[in-house]
Each structure stands twice: as structure tokens, then as C-alpha cells.
Amino acid sequence: MLAYIDKIREISRRLLQEGTVDMVMGFRKGTVPMMNEPCFVKTPEDVDTFVWDSNCGINLANYLTNRQEKIGIIAKGCDSRNIVTHIIENKIKRDQLVIIGVPCKGMIDRRKIQALFETEIENVIEADGNITIKGRGLEKTLNKKDVLQDNCALCIHRNPVIYDELAGDLVEEQKDVDRYEDIRKIESLSPEEKWRYFDDLLSSCIRCYACRNACPLCYCPTCFVDESRPQWVGKSIDSIDTRTFHFLRAYHCAGRCTDCGSCERACPMGIKVRLFTKKLEKDCLELFDWEAGMTLEKRPPLDTYRPDDPDDFIK
Amino acid sequence: MQNPYLPYPVRIEEIITETEDKNLKTFKFVFLNPDDQEKFNYNAGQFAELSVAGKGEIPIGIASSPTEKGFLRFTINKVGLVTSYIHAMKVGDIMGIRGPLGNWYPWEVMKGKNVVIIGGGFAFTTLRSSIIYMLDPDNRPKFKDIHVIYGARTPGMLLYRDELAQWEKRDDINMHITVDGTDDPDWKYNIGFVPTITDQKAPPGNEETYAIICGPPIMIKFTQPVLDKLGYVHDNIIMSLEMRMKCGIGICGRCNIGKEYVCKDGPVFTLTQLNNMPKEY
Amino acid sequence: MSGLGFKVKVYMMKIITINKEDWAKGLERLCDSFRLFGPVKQDEFHNFRQLVKGELPDLNLLNTRLSAKSMVYPQSEKMFEFTLDENRDDHHILKEIHKDYSPKAVIGIRPCDARAFLLVKENFDTPEYKDPYWIKSYEATTWVGYACNTPCSTCFGTTAGCGPFHEQGLDLLLVDAGDYYLLKILTQKGENFLTAAGWSSKADSDAARHEIETLKRAAEEKITARISTDKLKDKKTTELFEAPFWEEVAFACINCGTCTYVCPTCWCFDIQDETIGLSGIRMRNWDSCMYPIFTLHGSGHNPRNTKMQRVRQRFMHKLKYYVDKYGDGIQCVGCGRCIRHCPVNIDIRKVCDLMNNFEA
């Protein structure tokens, strides 16, 4: 991690000194344990602000939308895939970007970790694949592997797919990962059980839209839930409206979602919103052999048509 | 405890299409309960929330004058969900009115002073209320010279054209009507933008002269330097602002400029006040 | 009704001791005369909800995830009902909805949330307009505070006009003294609650007072986070508004409404009509200054069109506009929820320092 930080700072300093970019987007140390804050740096003197550790789960591609400057951006595997998607969807131009790739071994789940202890965690130290937790009368070392964000544990694209610089050696990708066990379980439920399952899942939603706003795909100038003419959904916390929001958002992300986990990470109520997007991710993989954000060369399945597209869902 | 969110039920009594583009209509409302009319005691410059069950509410300046009894008038521009719906309503339909809301032009302060009314486009509504109020025989002696500078894009876009013509004929009010342009050979009034006409026709500014401005932001932006040039003091330049509003009573939190809620602490502010507020409107 | 909630009524405060068994029995008795609400753990966090008879509030918590504001001001609240059926005489006329304002008690509210109601009261209960829903609901409630022996790490209450044993806005203060509770009765409403609970109302000696004082000091010492607000009042609004730091403060913000929804002092709402068939309601829902449509005009103009403007609004409102408008300090009680739950770690303590130390 420390080596990453030095390299990130070194590359950022060079890019800013040479004037290759107007700003670099990265992370600075957070004010609470297991949180870092996305930030930008515009001068070489300020690059020491940048940090890197297992608390950089926010997807920085979200900050690129429609920007005009030349930007250096620090990108994990998932960020890089969303950068690809952003480029394909004309939200940023490739030649505006210098992508500083960061091979990633996963981000830790702060809520999962806190839930393991009664005492509040006040300090976290990360070293050699271990996470040491400290709080009042508490000190415990955990294996980072056991406390990863759910999406990171299942990640099969840890290395950036597109980059101009690298902040570290590429890492080995995880093999033989069963990405869709949870989805298959839901698929196997009866309609009534599914209804109940989703009702429970979303019962604590407060419609704050943190999931939507943390998502690099959700850049619509006016989200359908905010339209007033026509008004597609009500604005209260009525369960039908809430469900409509989550389902439609997921469908809108079909073939685009990289399972970066930003939505789930952002949710203040700890709702497993990825279950929706992952179902569509699974469908895209099975029906179109498609994984989002892997290449600039191909159009995503929902904006292409092929005569041999599967059509047996039309009855 | 009186519920300030509960509208008074009203019936649409009359609908007048004001402008050639048909986007502005004046609605005359009467209260279903006569008591409510007594409660609805307003001053020229205030607004009200017009309420349509099932659609929502919209804040609109009151175009009738407190001196006109027995009804309320609002001129409504068709822009959003509620106003579009209201435009499609018919005489006899039932809706609601909540108010009066906000502050008003400083009538007490302006007693014994010259008043210059400067308006543009469809923002002339509370100015119409003000003119009717000042011209009322009981009130006219309270004010010195009254000037009105009112402009629209074309003659067909002027509001209250019959009344404008009547006021033109009076000698106790100086009318300066203008349009941005027209090909009407019979047009006998001014041609030119409001700031230009203000420069030409408005009386010079002094402690005894107040300007009330209401119009689109661009008009306000260019009229302000003209008034500065004419020597108007900022305490005497009175403006009425627009903001997105919901509650209209300073509670729901969206219409603030700095610490002031436009719905309750405004919509009327002096330029002196605005100069000390964030430029966020 | 007084506009200010800060006036301390003259009441002879007393402290009683309750063993934890009697605590449960008392709550059961209280169910006959009060609707009881308290923190309940669901999934991995606590929130307030109504307790069924025999159910105890779960007091093993730092604080609830959402503040207690929904106890008075629900996220979605019906205001009026109407019919669009033109065969009915009262069609298109809004009518009041019957609401239950019978006595209720909120047990286990932290002192920060209780004080927050007093700050918010300035908005809902003004000399000119009274918000009937908020006021009636607030007044129907007895507030049984729960002192924080171990404040959250993000708490900065002691420098935000509050504190772990703060009593403003409470009718009673419950203190966990280990094997038993100490209950400090602060108002006549509190006394009535005590009577209904049937706990022995024998006042304790100075020893109890001393015990609370000791726990209070220990709790306060655990709070290390501080803010400075002393210079906010004298700053010029327009200068703070134009300060250069807003772009940097706002950069990380994703404009979700989390901070405003978890905040005990955020009060903004939207009014919406909803219809099903020919019947409908007018309701209000929490809204957030973080959303672009919050201020979007019908014409398309938006005075707070950019993220920076919206972030600035939130902090300026809490730390400057409120200070100037009401003269009661900042619109924040230091509960730290926005810090804990902001997905991108925007920290009001940092922003407050930037504002307080800003020199134009």
C-alpha cells in the first residue's frame, strides 16, 4: 500500500509539473476510521494529500461526468471499467484522461467490520493483508480477505482494463469465483417469496438516493424519479414507489454496471442494492456474453442489435 | 390552532386570455365561504398559493387590488404542472387559495412620495394591483407623482390592455408603455427596451422618489444601472423576487436567499437589502 | 405557546433510582396511558419505532441510525384529503385528516436529538405561523432522554451547545448507573410520566446527584472532537458565501440526501398530492437541499444549479444563516450522524473550522 502511495504521488506530481493534466483525482485520508474522501489536486505541491489503502471504495469515474479539463485519475479495476463505459457513452473523452491504474486487492467493508464488535472502532491499521482494529478496550487483527466488501470478494477484474500509468505491479486475478450464488437463490424463489424478499430488503429505504448518486452510471440530467411531467413515481416512502425506483434504476444499469459496489457502500441503511444490478449483470453475461466496461472497441448489448440476439423471452 | 396549509375553497368566476400567445390568462376567483373572504385581507404586492386538488400548489402574485372587493384575480403564466392544469380549467371549477402570503410594497413608507413603477413581461401582475390601489380615490391623495414604465415584447403581449388604455387617458398617472418591437402602424406608444425607456422617461431619483421593479432577471439587471445613473438611492429601489416555493410561510426551507425566506421575509426587498444578501436568485 | 423553546420552566427537579426489573414493569404500566416509542435494533442498527406492550426499548446502543425527528415529523405525512368525485358536494376541497395526538413517550432519545427539537421548533413554531402537525405532535410527547455514558467517536456535542447529559428539551433523563437506572425528573410532564409508571417517586439524596455528576464528567471527557463557532456570527454572510474553499469542500459530494435525512436538525420538506382513482391526499415528505430540483423554477432557471452551490447552502444554513436568523447558535447539535454516514466522508467539523477561521 505504501509503495502504491509513493508511486501515485510521484506520477501525479510529474503529470502536474509537466502540465499534462489540469488536475488529478484521488483520495485523501478520511476523518473517521475506514473512510477516505475523494479529492482533487491541482498543483504538484499538493500531491502528498493523496493516500491509498483499502478504504478507497468510492468509484472515481463518477466524478468525471461532463468535465472539460484534462484529468489524471486514479483507477482501480472497477473504476477503469466505468471509465471505459463513460468514454463509450460520451461522458468524457479518452484524450482528456491520464489513467493512473491501481491494481486492487479489494476494499474493506466498514459496516461488516463494525458489526463484528460491540465496541466502537476508533482506529484501524492496515499491514500485510491484515487489518488491526482498535477501540476502547478492543484490539483485534483480522484477515483483510474476510472483511472485504461483498463485491470485492467476488471481483474477477482487479487490474485496471485501461491505463496510461501503473501505480504497482498487476495482481493475480481471482479464479473460480462463483459470482451469482445469491442471485440464483433469489431466482429460485416463488413469485410470492420474491415479493416478500424484496419487500423486506427495501423496507428500510429512506429514498435518499445515495445509491443512485454514488453510481457513475446514474448521470441522467433529470432522473426519472425527479420528473414532474409526467410524474412516474410518488415521492413518499410508499413501498411500491420505493420498489419502482430500485427496479427501474437497476434496469437502467443493465449491461453497464461493473459491480463496483459504490451503491451498496453509500447506502446509509445498509441495503444490499447490488442484488438488483447483479441479476441484470448475470443476464447480460448469460444472454450476450457481455461484461461491462472491458473494452472501448465494442458497443454494449443494449445499444446494439444482432439478428441472432436471443428472443425466447418474447412470448 | 389554525392550519396555515389549508387552502380556502374558491370557484373560478371568469377566465380572460390576456396575451396573443395565449400563455397568460387572468382568473377571477370568488370564495365559496363568505367568511374566508373577510379573512383574506391583503396588500398590493403580496402573493398566494393557488391549490388544485390532486395537482399541487403554485405561488402567484395577486393581480387584484385590495380596493377591489368580492373577488381575487390572478394572472397565470402557463409553465409547469399546476399552471398548465389551471389553464385547462373552466368557469365554475372548484380549487383553493391559501394566503395572503409574503410582505408587500412599502405603502406606508411611500406615503407622500413619488412612485415609479417599472415592469416587464408577465411580472406586471402585482404592479397592476399596486396601480389600482394607488388610483383608488381614497388613496390617490396619499402619493405624489406616479409613473408607470411597462414593456412587453409586442403589443399583443401586454397584459391588461383595456386598463392600460384607460390609464393613458388619466392625468394623475404618467404612463410609458413600450414594446421591444412592432409592425403595427397604429402603435402610438414607445418602442424600446424597458431600461432605455426608463432612462428617457423616469423622473430623476431623490429621497422623495421610489421605484418598484418587477420583471425578468435580464430587465432588472439592465434597469438597475439606469436607476443608479438617475440618482435613485438603493433604499428606494424596491424589487419583488421569484423563487420556487412550497409552503409559502417560511417553513419548508427551499426559497431562502441567505437567511431570508423569499416567501415570508420577501418577496419584496429593497436593493440595499439585496446588496447584503448572497447573489443566489 | 412560546416561540422559544429554551425557556427553562421552574420545576423542582428530583432524582429517583429504578432497579432494572422495575424499569420493565413500569414501562408495561405506562402502555396503558402512553403510546411508547423507543430504539429497536433491526439488522445492524437501531431506529425508533412504537413498542408493543411488554416490549422494552433496546438501550444497548450508541445512537439510532436515523435521528428521532420522525417521532414528531415523519418522513411522509398526510396533511389533507380530498375527493375528485364531482357527484360529491365537497369535491376538490381539501379537508383536515384526523390524527392521533394522544399522549406518547419517546424513551431512549439521546440528549442531542432532544435539543435538536428545540432548534427545529424555531422553524415550525414562529410568531407568524404555527405548523400544527409538528407542534401538536411535539407537545403530545414526553421525552425520556438517555444519557450517553459512552458518546460516539464522531460526537462533538460539547462544543455544539449540547453534551452527553444535556437536559434541554427533555422531560426526564435516564442514566445507566450499571446495576440500576437513575432517573432525573425535569418537568411536570416528566412527573406525570413517573406517576403513570408507578415507580417509587421517593427522591434520592445528594448521593444520586453526585453519581450523575461523576458519570457526566467522565462522559464529557471521552469527547475529543471539537468545533469552534465563536467567530461565525461576526463573519459577513456575503464574504463567507464567496469564500474560495467551497469548491474543494464540495468536490467529493455526490449530492445524495443522506446527511440531511439522518440529521436531527434538517427540516426541509416538499408538498405533494397523490391520487388513487377519485380520492387523494396532500402530503409532505422530507426534502433535501442537496437535490437540484429542490430549487428548480418552473421556467428552468435554478438558483442553486451546481453541486457546489447546494453543498454551500447546507453548511451556510446550519452554521451561518441559522445563527444570524435566530441568535441561538448553530443549527447543529454535534450528533455526528452526517459524518458517520456520509458516503464520501465530508465532515462538518472541518467545514465549520474553515468557516469560523475564514478571513476575507
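Those sequence lines, one after another, are chains A, B and C. Using our numbering, you'd call the opening residue of the first sequence number 510 and step up by one each time. Using our numbering, you'd call the opening residue of the second sequence number 4 and step up by one each time. Using our numbering, you'd call the opening residue of the third sequence number 640 and step up by one each time. Glycine included, each C-beta is placed from N, C-alpha and C at the ideal position. Keep in mind that this is a model prediction, so the values were computed, not measured.
Return yes when the Cβ of residue j is within less than 8 Å of the Cβ of residue i, no when it is not.
| i | j | result |
| --- | --- | --- |
| B/V55 | B/Y8 | no |
| A/I609 | A/G566 | no |
| C/C907 | C/C981 | no |
| C/S706 | C/V901 | yes |
| A/T687 | A/L657 | First, the residue type needs correcting, since residue 687 of chain A is Asp and not Thr in the sequence shown. Cβ atoms of A/D687 and A/L657: not closer than 8 Å. |
| B/S132 | B/I65 | yes |
| C/K734 | C/F721 | yes |
| B/K249 | C/I910 | yes |
| C/C801 | C/R754 | yes |
| C/C670 | C/K653 | no |
| B/L161 | B/N80 | no |
Taking DSSP as the reference, what is the three-state secondary structure of residue i?
| i | result |
| --- | --- |
| C/L935 | coil |
| C/F684 | strand |
| C/W838 | coil |
| B/Y213 | strand |
| B/K28 | strand |
| A/C548 | strand |
| A/A775 | helix |
| A/K807 | coil |
| B/H150 | strand |
| C/E913 | strand |
| C/V983 | coil |
| C/S706 | coil |
| B/I63 | strand |
| A/E656 | A small correction: the amino acid at residue 656 of chain A is Val; Glu does not occupy that position in the sequence shown. Residue state, collapsed to three classes: helix. |
| B/F225 | helix |
| A/A570 | helix |
Interface residues of chain B around residue i at Cβ under 8 Å?
| i | result |
| --- | --- |
| C/I732 | P12, L35, A56, I97, G99 |
| C/F719 | Y8, L9 |
I think residue i touches residue j, with their Cβ atoms under 8 Å apart; what is that distance to the nearest whole Å?
| i | j | result |
| --- | --- | --- |
| A/K600 | A/N575 | 6 Å |
| B/G83 | B/I15 | Between B/I15 and B/G83 the Cβ distance is about 19 Å, and since that is not below 8 Å, they are no contact. |
| C/K946 | C/C892 | 6 Å |
| A/V473 | A/W561 | With chain A covering 510 to 824 only, the question about residue 473 of chain A has no answer from this structure. |
| C/G968 | C/C751 | That belief does not hold up - the Cβ atoms of C/G968 and C/C751 are roughly 14 Å apart, past 8 Å. |
| B/N46 | B/P69 | 6 Å |
| C/F992 | C/I866 | The residue asked about is misnamed: residue 992 of chain C is Asp in this sequence, not Phe. Their Cβ separation, rounded to whole angstroms, is 7 Å, which keeps C/D992 and C/I866 in contact under 8 Å. |
| B/G102 | B/Q49 | 7 Å |
| B/G105 | B/P270 | 5 Å |
According to the neighbour-count rule (16 or more other Cβ atoms, all chains shown, within 10 Å of its Cβ), is residue i buried or exposed?
| i | result |
| --- | --- |
| C/K964 | buried |
| A/K788 | buried |
| A/D817 | exposed |
| A/L805 | exposed |
| C/D845 | exposed |
| A/S521 | buried |
| B/K220 | Position check: residue 220 of chain B holds Pro in this sequence, whereas Lys was assumed. Flag for B/P220 reads exposed. |
| A/V533 | buried |
| A/P725 | buried |
| C/A1076 | Here chain C comprises residues numbered 640 to 999, so residue 1076 of chain C is not present and cannot be evaluated. |
| C/H849 | exposed |
| C/E878 | exposed |
Starting from residue i, find everything on chain C with Cβ-Cβ shorter than 7 Å and list it in chain order.
| i | result |
| --- | --- |
| A/N545 | N984 |
| B/I254 | N762, F763, Y768, D770 |
| B/G261 | T876, Y960 |
| A/F549 | F890 |
Which chain A residues are close to residue i, counting only those with a beta carbon under 7 Å from its beta carbon?
| i | result |
| --- | --- |
| C/V901 | P777 |
| C/K989 | T540 |
| C/G896 | C717, Y718 |
| C/S715 | S745, I746 |
| C/L701 | E629 |
| C/N924 | K744, S745 |
Anything in chain A within Cβ reach of residue i, meaning under 9 Å, just list it in chain order.
| i | result |
| --- | --- |
| C/E913 | G743, K744, S745, D747 |
Determine the chain A residues that contact residue i at a beta-carbon separation under 8 Å, and present them in chain order.
| i | result |
| --- | --- |
| C/C791 | E629 |
Chain C partners of residue i, CB-CB under 8 Å?
| i | result |
| --- | --- |
| B/T86 | G937 |
Residue i versus chain B: which residues are under 7 Å apart at the beta carbon?
| i | result |
| --- | --- |
| C/C907 | C255, G256, R257 |
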